[in-house]
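To start, the structure under review is shown below, and the notes come after it.
Residue numbers (our numbering): 1 to 297.
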């Protein structure tokens, strides 16, 4: 019975990650997450005070992974109040569970080695997530379902876009010269298209937290088109650069918006390589070999 509870608890922790990976940011996903989190918390209490047969190091690793994974997930649409509530409850309960497991373990064993192991497990969960996000994980599918009916100005539009899933930030760049100062030496994606693209009235730079697949980015573009219209900019030529920190901020997709029309100016076809230094490129190549896609190079 004790082993069953422990494995069922691990199953529920895994289900949290699966729910966060389902691409949706709707209420159904949020409700399922809340129910799953509640069962996780109850089982954690039972394991701590009744069973006491569990691997605390594995649990801490999974919980630390989950806490930060929600940041990259398709559920993290911070424009929705319900999602924000679920987001913070998820993080709070996960942190409380980690503290409870660590506290009980430290009462049983006050050795410095135990403390170091627990710290290592917490950090390991974060590092494993960063490895997946930066090197191994394929582009995510995200269903963009943010519904906005009115916007005051372009600044509010940027705030809305910046809170959408998978997006780290959204900034207006007034002209190419100013944009070239924004990222120090990493301005490849502006200079590469400076001569070939006609001047635009407004440039918006969207930086991604994680890679997002083409279908989802096209869906995002249609959402942004509506926001541009709500902001009163539909007659201007608005250019969107979508970039990612994972790949030296080179452009992934470039879109032009004007008069209710969307024009795809560029879609990157070459493989995404995390990092620019020789060491990082060698590491990335090794990962590609493991994935069996080295032929893309």
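Each residue gets a CB set at the ideal place from its N, CA and C atoms; glycine is no exception.
| query | result |
| --- | --- |
| Give the DSSP-derived three-state secondary structure of residue 264 in the structure shown. | strand |
| How big is the Cα-Cα spacing for residue 167 and residue 79? | 12 Å |
| Within the same chain, show all residues whose beta-carbon is closer than 6 Å to that of residue 15, passing over the 5 residues directly before and after it, in chain order. | 36 |
| Expressed to the nearest angstrom, what Euclidean distance is found between the alpha-carbon atoms of residue 213 and residue 24? | 14 Å |
| Go through its chain and collect everything with a Cβ distance to residue 205's Cβ below 6 Å, but skip five positions before and after it. | 171, 173 and 241 |
| Residue 11 to residue 32, Cα distance in whole Å? | 14 Å |
| Mind checking whether residue 146 and residue 223 have CB atoms under 8 Å apart? | yes |
| Under 8 Å, with one C-beta from each stretch per pair, do the region 215-234 and the region 254-263 reach the 3-pair mark? | yes |
| According to DSSP, simplified to helix, strand and coil, what is residue 238? | strand |
| With DSSP run on the structure shown, which of helix, strand or coil describes residue 244? | strand |
| Taking the straight line between their C-alpha atoms, what separation do you get for residue 89 and residue 51? | 26 Å |
| Out of 154, 110 and 210, which one is the CA nearest neighbour of residue 134? | 210 |
| From residue 183 to residue 112, what does the alpha carbon distance come to, in whole angstroms? | Unreliable placement is indicated for residue 183, whose pLDDT of 42 sits below 50; no coordinate value is reported for it. |
| In or out: residue 244 buried (at least 16 other Cβ within 10 Å) or exposed? | buried |
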